[in-house]
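Read in the UniProt record's numbering, the sequence shown has 60 at position 60, and its numbers run on one by one without any break. No residue lacks a Cβ here, since even glycine has one placed at the ideal position from N, Cα and C. Bear in mind the structure is a predicted one, so any value in this text is a computation, not a measurement. Reading through the structure tokens given below for one structure.
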Amino acid sequence: MDKDDWSVDLAQEAFGILEAAFPGISRYQISVLHNPAHAAFTADGNHIFLTRTLLELCATVEMAAFVIAHEIAHHELGHIPRASKRLKGRLRVLAYILQSFVSPITHARREIEADTFAIDMCMAAGLSGEKCVQTFQVLEKASLDRGGVGSAYGIHAFYCDEMTSIQRRWRIGFYLLRYHGYYPVRVRRVLAEKHVGMDEPPYNVFLF
Numbered sequence: 001m002d003k004d005d006w007s008v009d010l011a012q013e014a015f016g017i018l019e020a021a022f023p024g025i026s027r028y029q030i031s032v033l034h035n036p037a038h039a040a041f042t043a044d045g046n047h048i049f050l051t052r053t054l055l056e057l058c059a060t061v062e063m064a065a066f067v068i069a070h071e072i073a074h075h076e077l078g079h080i081p082r083a084s085k086r087l088k089g090r091l092r093v094l095a096y097i098l099q100s101f102v103s104p105i106t107h108a109r110r111e112i113e114a115d116t117f118a119i120d121m122c123m124a125a126g127l128s129g130e131k132c133v134q135t136f137q138v139l140e141k142a143s144l145d146r147g148g149v150g151s152a153y154g155i156h157a158f159y160c161d162e163m164t165s166i167q168r169r170w171r172i173g174f175y176l177l178r179y180h181g182y183y184p185v186r187v188r189r190v191l192a193e194k195h196v197g198m199d200e201p202p203y204n205v206f207l208f
């Protein structure tokens with residue numbers, strides 16, 4: 001990682017704003033990886049990783065702060081699997097990833113919790129909630145650009161209010177299994193925009 005890289009500067013600036021409001025998060029270590037994936041992830045050990053490619057999309061300090069705060073949220077909310085604490089190094093990361101595959105519904109719920117926590121954290125640090133949740137607009141477009149209509153919008157069950165609860169849960173459950181415990185970006189975007197008080201769309205979204 002090049003310490004003079006603009007992406008590192010952006011990540012450090014965003015983390016600095018959060019740290020000024022929450023000094024206790026100084027224990028987290030932020031690293032920027034040169035990787036083609038649009039990704040951010042964490043595992044036990046207080047390490048948070050963001051890819052330069054993701055920061056090329058989320059190129060404002062608000063969006064970068066939201067991404068970092070989302071990963072911090074997984075630690076603060078106790079989402080990191082306990083089993084990983086007995087492991088070291090890369091095995092910790094692997095344990096966290098495997099847990100996400102094994103428990104897609106739990107993982108999906110935790111992602112929504114982390115989104116909400118991150119929004120509150122950013123706003124408490126003085127950042128604009130509306131600018132932070134623009135992250136989802138950017139990620140939604142990126143998914144569509146890659147042909148990922150399913151990951152961007154999901155399936156009819158997320159938006160249809162005519163289904164029974166059992167029908168919806170069945171279909172959403174299979175979706176979460178297929179997409180490894182991630183709700184579609186549009187669903188997370190609607191929930192995030194609602195949380196910061198933005199105008200709601202003319203439709204509801206449903207979770208498992």
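Kindly indicate the opening and closing residues of the alpha helix (DSSP H) around Ile72.
Val61 to Glu76
If you draw a straight line from the alpha carbon of Gly78 to that of Ser7, how long is it in whole angstroms?
Looking at the backbone, the Cα of Gly78 and that of Ser7 are separated by about 28 Å.
Excluding the five sequence neighbours on either side, which residues of its own chain have a C-beta within less than 7 Å of the C-beta of Arg171, listed in chain order?
Ile155 and Ala157
For a minimum of 4 consecutive residues, which ranges assigned as the alpha helix (DSSP H) are wholly contained in the segment 117-160?
Runs of the alpha helix (DSSP H) spanning 4 or more residues and lying entirely within the segment 117-160 occur at 129-132, 134-145 and 149-153, in chain order.
If distances are taken between C-alpha atoms only, which option among Tyr183, Gly197, Gly45 and His74 comes closest to Ser143?
Tyr183
Leu54 beta carbon less than 8 Å from that of Leu10
no
Mapping the DSSP letters down to three states, classify Thr51 as helix, strand or coil.
strand
6 Å Cβ shell around Ala14 - same chain, five flanking residues per side excluded:
Val61, Ala64, Ala65 and Ile68
Take every Cβ of the segment 102-121, pair it with every Cβ of the segment 44-53, and state whether three or more of those distances are shorter than 8 Å.
At 8 Å Cβ cutoff, the stretches do not touch.
Limits of the beta strand (DSSP E) - the one that Leu191 falls within:
Where Leu191 is concerned, there is no enclosing beta strand (DSSP E), although the alpha helix (DSSP H) it sits in stretches over Val185 to His195.
State the start and end residues of the unbroken beta strand (DSSP E) segment that holds Val32.
Gln29 to Leu33
Distance between beta carbons of His70 and Ala20, contact taken as under 8 Å
Ala20 to His70, Cβ: 18 Å. No contact.
Quick one: grab the DSSP three-state call for Ala43.
strand
Okay, do the segment 129-139 and the segment 164-180 touch, 3+ Cβ pairs below 8 Å being the bar?
no
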